[in-house]
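In this note's numbering, the protein residues as written are 1364 to 1504.
Let me begin by presenting the structure, written as structure tokens, before commenting on it.
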Amino acid sequence: MRWLSLVAVSGVLAAASPAQAHQFLDYFEYGGVELSARGYQTAATVAHYVRAHAANPGDHYRIIISAHMDTAEADEFSAELSRRRAQSMADELVKLGLDPSRIELRGHGADQLARPTGPGVREPLNRRLSVDVNFQGRFGR
């Protein structure tokens, strides 16, 4: 079985694991949809990870980008902004050469808080984006 070494991603240390699935994280400034410098680095790391582990014909991957919000804004605005944040990451991954048909976007708004808060609270840990890379093919199903 193929194992990865430790990788630091957006300030998060990812433990060694089989190259079947991996999650990358990034965070947004309040109200922002543009990737930060760290966000661009996260996108580059995701693209490198996919290329390194889906290099053979028959290797299939799926990228799921999930964006989340804090509770500072109304639900409709939060849902729209989270979709736009997910799209920002998807656009960068496509620019880096990944297949857009393998990317799925999920905008969760303030439905899945990392740090529970009451309504109207600006919480940086809740303004996050996760990029999940899942493999099939030589890695199994």
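A virtual CB, placed ideally from N, CA and C, is assigned to each residue, including glycine.
Keep in mind that this is a model prediction, so the values were computed, not measured.
Listed in chain order, the beta strand (DSSP E) elements of length 3 or more contained wholly in the region 1380-1449 are 1384-1390 and 1423-1430. Note that the region 1463-1483 touches the region 1430-1441; at least 3 beta-carbon pairs, one per stretch, sit closer than 8 angstroms. Under DSSP, Glu1467 forms a beta bridge with Ile1427. A straight line joining the alpha-carbon of Asp1495 with that of Glu1392 spans about 21 angstroms. With at least 16 other beta carbons inside 10 angstroms of its own, Glu1436 counts as buried. For Asp1495, the uninterrupted beta strand (DSSP E) run begins and ends at Arg1491 to Gln1499, by DSSP. Apart from sequence neighbours up to five positions away, the residues of its chain that approach Arg1465 with a beta-carbon distance below 7 angstroms are Tyr1424, Arg1425 and Ile1426, ordered along the chain. With respect to Gln1450, Leu1468 sits close: the two C-beta atoms are nearer than 9 angstroms.
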